[in-house]
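Peer 1: Residue numbering for the sequence shown follows our numbering, beginning at 3 and increasing consecutively.
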Amino acid sequence: MYIYAAIFPWCTYVKKLYYNSEEKRLISSEISGISDAFVYTKAWITVAAAAILLVLIILQVVIYKQKIFDFSMTNNKIVTVCIGVYIFCTVISTLIAANRKTALWGGTAGCEGVFVLCAYVIIMLSVKYSCNTYRAQYGSTAKSPVEYIVLTEAVILTILTGVELFYKPVAQIIMGSEYENTYGDMISLTFNSPSYCAAFIILLAPFCIHYLLQAGKLLKTLVWSGLSVSVITAVILTRSTAAFYIVLLETALVVIVTAVLHTHGTSEVAKKEAGIKSNTAAKATPAGQGAGMPDNSIKSNTAVKATHVGQAADMPDNRIKNNIAVKALCLTGVIVCVIIVNVISGSRITDSALNSAVNKTIAIHSDNYYMVRGISVDKGAVTIKGSSNALKCIINDEGNIYFTDEYDNILNVRSDGDSITFPYPYDMISAGFENSALWLDLGYKGRISFAIKNGQFYPMAADGSLINDISSGDKSGEELYTDSYKKIDALFTGRGYIWRKTLPLLKNTIIFGHGAGTFGLYFKQFDYAGLLNSQGNVDLIVDRPHSMYIQMAFSQGILCMTAYAVMVITVIITFIKDNKCKNINKLPVIIAVIGFYIMELITDSSVTVNPIFWAVLGLIM
Numbered sequence: 003m004y005i006y007a008a009i010f011p012w013c014t015y016v017k018k019l020y021y022n023s024e025e026k027r028l029i030s031s032e033i034s035g036i037s038d039a040f041v042y043t044k045a046w047i048t049v050a051a052a053a054i055l056l057v058l059i060i061l062q063v064v065i066y067k068q069k070i071f072d073f074s075m076t077n078n079k080i081v082t083v084c085i086g087v088y089i090f091c092t093v094i095s096t097l098i099a100a101n102r103k104t105a106l107w108g109g110t111a112g113c114e115g116v117f118v119l120c121a122y123v124i125i126m127l128s129v130k131y132s133c134n135t136y137r138a139q140y141g142s143t144a145k146s147p148v149e150y151i152v153l154t155e156a157v158i159l160t161i162l163t164g165v166e167l168f169y170k171p172v173a174q175i176i177m178g179s180e181y182e183n184t185y186g187d188m189i190s191l192t193f194n195s196p197s198y199c200a201a202f203i204i205l206l207a208p209f210c211i212h213y214l215l216q217a218g219k220l221l222k223t224l225v226w227s228g229l230s231v232s233v234i235t236a237v238i239l240t241r242s243t244a245a246f247y248i249v250l251l252e253t254a255l256v257v258i259v260t261a262v263l264h265t266h267g268t269s270e271v272a273k274k275e276a277g278i279k280s281n282t283a284a285k286a287t288p289a290g291q292g293a294g295m296p297d298n299s300i301k302s303n304t305a306v307k308a309t310h311v312g313q314a315a316d317m318p319d320n321r322i323k324n325n326i327a328v329k330a331l332c333l334t335g336v337i338v339c340v341i342i343v344n345v346i347s348g349s350r351i352t353d354s355a356l357n358s359a360v361n362k363t364i365a366i367h368s369d370n371y372y373m374v375r376g377i378s379v380d381k382g383a384v385t386i387k388g389s390s391n392a393l394k395c396i397i398n399d400e401g402n403i404y405f406t407d408e409y410d411n412i413l414n415v416r417s418d419g420d421s422i423t424f425p426y427p428y429d430m431i432s433a434g435f436e437n438s439a440l441w442l443d444l445g446y447k448g449r450i451s452f453a454i455k456n457g458q459f460y461p462m463a464a465d466g467s468l469i470n471d472i473s474s475g476d477k478s479g480e481e482l483y484t485d486s487y488k489k490i491d492a493l494f495t496g497r498g499y500i501w502r503k504t505l506p507l508l509k510n511t512i513i514f515g516h517g518a519g520t521f522g523l524y525f526k527q528f529d530y531a532g533l534l535n536s537q538g539n540v541d542l543i544v545d546r547p548h549s550m551y552i553q554m555a556f557s558q559g560i561l562c563m564t565a566y567a568v569m570v571i572t573v574i575i576t577f578i579k580d581n582k583c584k585n586i587n588k589l590p591v592i593i594a595v596i597g598f599y600i601m602e603l604i605t606d607s608s609v610t611v612n613p614i615f616w617a618v619l620g621l622i623m
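1) Can you find a heavy atom of the ligand MN that lies under 6 angstroms from the Cβ of residue 521?
2) Based on the DSSP output, what are the partners of residue 36 in its beta bridges?
3) I'd like to confirm the pairing. Which residues does DSSP put opposite residue 394 in its beta bridges?
4) Would you mind sorting residue 261 into buried or exposed? The rule is 16 or more other CB atoms within 10 Å of its CB.
5) Would you check if the distance between the CB atom of residue 499 and the CB atom of residue 536 is smaller than 7 angstroms?
6) Could you tell me which residues DSSP puts in a beta bridge with residue 379?
7) May I ask you to report which of helix, strand or coil DSSP gives residue 2?
8) Give the DSSP bridge partners of residue 367, in chain order.
9) My assumption, with CB atoms under 8 angstroms, is that residue 200 sits in contact with residue 154. Please give the rounded CB distance.
10) Taking 6 angstroms as the limit between beta carbons, can you name the residues of its chain near residue 519, skipping five residues before and five after?
11) Out of 462, 388, 238, point me to the one whose CA is closest to residue 430's CA.
12) Runs of 3 residues minimum, wholly inside the region 529 to 575: which ones carry the beta strand (DSSP E) assignment?
13) Near residue 538, which residues of its chain fall below 7 angstroms by C-beta distance, leaving aside the five closest residues on each side in sequence?
14) In angstroms with no decimal places, state the Cα-to-Cα distance between residue 221 and residue 258.
15) Counting Cβ pairs closer than 8 angstroms, one from the region 603 to 621 and one from the region 190 to 207, do we hit at least three?
16) Along the chain, where does the alpha helix (DSSP H) that runs through residue 177 open and close?
17) Applying the criterion that 16 or more other CB atoms from any shown protein chain within 10 Å of the CB defines a buried residue, is residue 405 buried or exposed?
18) Taking the alpha-carbon of residue 161 as reference, which of 182, 67, 131, 229 has the nearest alpha-carbon?
19) Can you grab the Cα-Cα spacing for the pair residue 236 / residue 158, in whole Å?
20) Contact between the region 86 to 102 and the region 584 to 597 is defined here as three or more beta-carbon pairs at a separation below 8 angstroms; is this criterion met?
21) Taking the alpha carbon of residue 68 as the reference point, which residue from 243, 534, 130, 163 has its own alpha carbon closest?
22) Considering only the alpha carbon of each residue, which of 115, 66, 179 lies closest to residue 1?
23) For residue 457, which residues from the same chain have a beta carbon less than 7 angstroms from its beta carbon, with the 5 sequence-adjacent residues on both sides left out?
24) Take residue 79 and list the residues in its own chain whose beta-carbon comes closer than 7 angstroms to its own, dropping the five residues that flank it on each side.
25) For my contact list, residue 248 and residue 597 are in at a C-beta cut-off of 8 angstroms; report their separation, rounded to the angstrom.
26) In this structure, does DSSP put residue 462 in helix, strand or coil?
27) How big is the Cα-Cα spacing for residue 490 and residue 152?
28) So the beta strand (DSSP E) residue 86 belongs to, where does it begin and stop?
29) Drop a sphere of 10 angstroms on the beta-carbon of residue 38, count the other beta-carbons inside from all chains shown, and report buried for 16 or more, exposed for fewer.
30) Rounded to whole angstroms, what's the CA-CA distance from residue 27 to residue 33? Just pull it up for me.
31) Are three or more beta carbon pairs between the region 543 to 557 and the region 513 to 529 nearer than 8 angstroms?
32) Taking the straight line between their C-alpha atoms, what separation do you get for residue 428 and residue 442?
33) Which residues in the same chain as residue 594 place their Cβ atom closer than 6 angstroms to its Cβ, once the five residues preceding and following it in sequence are excluded?
34) Output needed for residue 52: all residues of its chain with C-beta closer than 7 angstroms, excluding positions within five of it in sequence on either side, in chain order.
35) Helix, strand or coil, according to DSSP, for residue 337 in the structure here?
36) State the Cα-Cα distance for the pair residue 561 and residue 87, rounded to the nearest angstrom.
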């Protein structure tokens, strides 16, 4: 289990993945598949590891009669029921799915099918069982192998971040000519997108900060100082605003809670010390009068007790309070090194930090653009409705193309050979012809194109394929894009649009879902008005909801998502309620779980990072 956790995030293998017959309904016929280096390999490693771990768990339970859960505790009963509901809904959703091929394997792009989703539970239970066995064998105060796993992952993360910062993306090194840069300067390392890389760092950062605060030796302090700063630098370079602030919050929580626990521990020791002195003084007179106990023995016994108490007080004090200056000096040195690295890299780190802090993204439209309310195609005419007028592109019987306003008044356009310009109030629009198609630039990030065939217009994708329906698909009849939609759709860099269009689909997934990886087959694609106003581009396929909770509610059912949420919340509440936070070594675990739990609100589940989360969750069960 520990080997799996240490090497899993970095496993890669380049493989050509082909779309199945169900997925080809959504993808252009000219595209047979994709080149992948991350999800397929990690999916099979996860399934294989889970299969081995499941056999080992069964052997331990059946042969050695060992228990994973203590069912006398209510919280364990709740967690067990939630796990059962999760697995049941996941399996049944796959069996009854209309797109069973896709649901079985989770789709070509995700590879997070029913086997992987069930493997997550096995990984979590394996970690829980391993922790219980380790504590039973070595004691609760024994040093955990988790520190060595975190050390390994943090070192590899630092090295790969340096590679991407000064050389080229890791994916490009691995994939060669098959690599397509879709993320610009954002780092993604061995994850299939920067957001998943950032999610992994959210799990890693609290541990690095914790081990830095607990470090007693100079070398250890220096190592964890460097790794802590490099991990925070890495999340900055992913340019994920949410992850950036979550990691900052995690860092603050680790520092504050550690200080509070240290203060609480010191005060408890002081109370015990005072109690010992008081008790000794009370017993001194009787002992001297008739108990026969020598005065030297009392002093000796008191000294021994005081020594033990003093040692207990000194441990956290030496690790935290007395070494603050050393830690500050090490951190300062590391930060200076990062500043030098930033200068050498052309201020890439500071630029990424500024972009992350203010959520600076590429604008989806220019300042002067034509606000699209709706786009429709009717045989020989394209109608683009704006806020206060409309633009029509018409082909007449002779095959000539002309442009009119909403009242069919012909517009006096100008052509310079390459493009067509329009008079006021359409002066922000430009148009042109290319490869037997009309393109229109409305001021958004991307253009819209219409193929011209047999005297008619046909919406055309970037790859040349024709699109049948570009309506919103929200309800029967024509619906204009409203200002309220625009406000909602702009939330979380365009995620609001996807969430708004997805929520109506959930009325059919209350108990069971449509199956893993099938989201793109149900989501209304090619909604030109919605895509332009939320993404600035119509040439994209929405194949995931960008929220793990919505994703689970859609693919596995709302019941399954609820069971998952209840399970995680139960584990967190039980952990805090049982005062396990007084065990300072558990502090980074609970903070990492909470941080990732928040991050999942705006990111999808991915086989490249979610197995690590389930493993971390098992640490506090």
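In this text, a Cβ means the ideal position worked out from N, Cα and C, and glycines have one as well.
Peer 2: To lay it out plainly:
1) Among the components modelled here there is no ligand, and therefore nothing to report on the ligand MN.
2) Here residue 36 refers to the residue found at position 34 when the sequence shown is read from its first residue. The partner list for residue 36 (beta bridge, DSSP) reads 19.
3) Position 392 of the sequence shown, counting from 1, holds the residue named residue 394. Answer is 385, 406, bridged to residue 394.
4) Here residue 261 refers to the residue found at position 259 when the sequence shown is read from its first residue. Flag for residue 261 reads exposed.
5) Position 497 of the sequence shown, counted from the start, is the residue given in the question as residue 499. Position 534 of the sequence shown, counted from the start, is the residue given in the question as residue 536. Yes, Cβ-Cβ distance for residue 499 and residue 536 is below 7 angstroms.
6) Working through the sequence shown from its first residue, we reach residue 379 at position 377. According to DSSP, residue 379 bridges with 384.
7) Nothing can be reported for residue 2: it is not among the residues displayed for the chain, which extend from 3 to 623.
8) In the sequence shown, counting from the first residue as 1, residue 367 sits at position 365. In the DSSP output, where bridge partners are listed per residue, residue 367 has 446.
9) Locating residue 200 in the sequence shown gives position 198, counting from the first residue. Locating residue 154 in the sequence shown gives position 152, counting from the first residue. Going by Cβ atoms, the distance from residue 200 to residue 154 rounds to 20 angstroms, so no, they are not a contact pair.
10) For the purposes of this step, residue 519 is taken as residue 517 along the sequence shown, with counting starting at 1. If we look at residue 519 and ignore the five residues flanking it on each side, its Cβ neighbours are 104, 108, 109, 112.
11) Locating residue 430 in the sequence shown gives position 428, counting from the first residue. It is 388.
12) none
13) One-based indexing of the sequence shown puts residue 538 at position 536. So the list reads 366, 367, 446, 447, 448, once near-sequence residues are dropped.
14) Sequence index remark: in the sequence shown, residue 221 carries index 219 (1-based). Sequence index remark: in the sequence shown, residue 258 carries index 256 (1-based). Taking the straight line from one Cα to the other gives about 24 angstroms.
15) yes
16) In the sequence shown, residue 177 corresponds to position 175, counting from 1. Start and end: 172 to 177.
17) Within the sequence shown, the letter at position 403 stands for residue 405. The residue in question, residue 405, is buried, as its Cβ has 16 or more Cβ neighbours within 10 Å.
18) Taking the sequence shown and counting its residues from 1, the one referred to as residue 161 is at position 159. Closest by alpha carbon: 229.
19) Within the sequence shown, numbered from 1, the residue matching residue 236 stands at position 234. Within the sequence shown, numbered from 1, the residue matching residue 158 stands at position 156. So the alpha carbons of these two residues sit roughly 12 angstroms apart.
20) no
21) Here residue 68 corresponds to residue number 66 of the sequence shown, with the count starting at 1. It is 130.
22) Nothing about residue 1 can be read from this structure; the chain reaches only from 3 to 623.
23) As a first step, residue 457 is located in the sequence shown; it is residue number 455 there, counting from the start. Taken in chain order, the residues that qualify are 382, 397, 401.
24) If you number the sequence shown from 1, residue 79 lands on position 77. If we look at residue 79 and ignore the five residues flanking it on each side, its Cβ neighbours are 73.
25) Locating residue 248 in the sequence shown gives position 246, where the first residue counts as 1. Locating residue 597 in the sequence shown gives position 595, where the first residue counts as 1. Their Cβ separation, rounded to whole angstroms, is 5 angstroms, which keeps residue 248 and residue 597 in contact under 8 angstroms.
26) Sequence index remark: in the sequence shown, residue 462 carries index 460 (1-based). Three-state DSSP puts residue 462 in a strand.
27) For the purposes of this step, residue 490 is taken as the residue at position 488 of the sequence shown. For the purposes of this step, residue 152 is taken as the residue at position 150 of the sequence shown. Roughly 39 angstroms separates the two Cα atoms.
28) Residue numbering aside, residue 86 sits at position 84 when the sequence shown is read from its first letter. Not the beta strand (DSSP E): residue 86 falls in the alpha helix (DSSP H), residues 76 to 97.
29) Residue mapping note: residue 38 aligns to position 36 of the sequence shown, counting from 1. The residue is buried, with at least 16 neighbouring Cβ atoms inside 10 Å.
30) Here the question's residue 27 lines up with position 25 in the sequence shown. Here the question's residue 33 lines up with position 31 in the sequence shown. C-alpha separation (whole angstroms): 11 angstroms.
31) yes
32) What you label residue 428 is simply residue 426 of the sequence shown in a count that begins at 1. What you label residue 442 is simply residue 440 of the sequence shown in a count that begins at 1. Each residue's alpha carbon lies about 12 angstroms from the other.
33) Working through the sequence shown from its first residue, we reach residue 594 at position 592. Excluding sequence neighbours, residue 594 sits near 205, 208, 618.
34) Working through the sequence shown from its first residue, we reach residue 52 at position 50. Same-chain partners within the cutoff: 121, 124, 125.
35) Your numbering for residue 337 matches position 335 in the sequence shown. Three-state DSSP puts residue 337 in a helix.
36) What you label residue 561 is simply residue 559 of the sequence shown in a count that begins at 1. What you label residue 87 is simply residue 85 of the sequence shown in a count that begins at 1. About 8 angstroms.
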